[in-house]
Amino acid sequence: MVMVQRQQRQDKKARLTVQDWADAALTAIGEGGIAAVAVEPLAARLGTTKGSFYWHFANRDALIAAALDRWAEINTEGTISEVETEPDPKKRIHLLFAEAIKSATADPLEVALLVTATHPQVASALRRVTERRVEYIAQLFADLGFPEPEARRRGLLAYTVYLGHAQLGHALPAMLPPEESEEFGAYLSEALEVLMMRYAGTTDTAPLDGHRTSETP
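Sequence positions in the sequence shown follow numbering that gives the first Met the number 0 and run 0 to 216.
Below you can see the structure in the form of structure tokens.
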């Protein structure tokens with residue numbers, strides 16, 4: 000009987016995966032920041048024991064690393080893969096921001112990570128993810144015909160707009176239009192049109208259809 004119970008416990012350890020623990024840790028971070036990543040509460044959340052944790056991880060830092068990798072996989076690479084199915088670069092930008100804003104508003108995880116940005120592991124992950132995101136957004140602006148340095152600036156500006164929206168959405172949600180409303184659609188479209196607009200007086204213009212033209216004096 001003892002051997003059967005031991006085998007059942009080992010089977011449950013094997014059924015719970017690194018991903019299960021990482022997802023639970025991400026939920027905890029969203030609820031209470033990096034300090035909420037504690038083995039016993041997470042084990043209770045998953046309906047298991049600390050033994051399952053040590054089956055998969057050497058220590059808490061290893062779990063945090065796995066959780067942050069999972070965050071990058073879902074909220075960055077997963078989103079980019081989804082957006083890349085749209086062939087039109089202007090529509091890709093709109094789709095990217097619509098999805099990112101809705102996700103960040105619904106899930107407090109991104110804001111919670113920013114609050115704990117002084118934690119060494121979080122700081123490293125934030126830098127890696129931010130660089131990847133800004134690089135991708137800059138490429139979208141380059142696809143619209145903006146020269147590389149300007150595309151990079153536009154990408155960085157667009158990302159700061161996203162972060163500001165995400166933080167305001169959690170701090171003062173009533174300040175923002177409801178996401179399923181026509182007002183939100185107009186708000187998002189106008190914000191992106193401004194970000195994609197060419198400055199007056201430039202000699203190299205890129206209309207929003209992505210085709211570059213040159214103006215002559």
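Quick reminder that beta carbons are idealized off the backbone N, C-alpha and C, glycines included.
Whole angstroms is fine: what's the gap from residue i's alpha carbon to residue j's?
i	j	result
residue 82	residue 74	12 Å
residue 27	residue 106	12 Å
residue 70	residue 167	21 Å
residue 80	residue 49	35 Å
residue 155	residue 165	15 Å
residue 194	residue 56	44 Å
residue 119	residue 63	11 Å
residue 150	residue 89	13 Å
residue 182	residue 87	24 Å
Just to check, is the beta-carbon of residue i closer than 7 Å to a non-hydrogen atom of the ligand NAP?
i	result
residue 141	Only the bare structure without any ligand can be found here, which leaves the ligand NAP out of the picture.
Taking the alpha carbon of residue i as the point to measure from, which residue in the options has its own alpha carbon closest?
i	options	result
residue 130	191, 111, 159 and 26	159
residue 157	31, 191, 50 and 169	191
residue 91	41, 185, 174 and 138	138
residue 102	29, 15, 196 and 14	29
residue 136	181, 94 and 14	94
residue 116	53, 152 and 34	34
residue 161	188, 96, 85 and 169	96
residue 85	142, 180, 72 and 41	142
Could you check whether residue j and residue i sit closer than 8 Å to each other, using their CB atoms as the reference points?
i	j	result
residue 39	residue 104	no
residue 17	residue 65	yes
residue 23	residue 44	yes
residue 78	residue 61	no
residue 124	residue 67	yes
residue 32	residue 133	no
residue 172	residue 186	no
Within 10 angstroms of its Cβ, does residue i collect 16 or more other Cβ (buried), or is it exposed?
i	result
residue 109	buried
residue 144	buried
residue 36	buried
residue 203	Reliability of the predicted coordinates at residue 203 is poor, the pLDDT of 46 falling under 50, and no value is obtained from them.
residue 51	buried
residue 47	buried
residue 126	exposed
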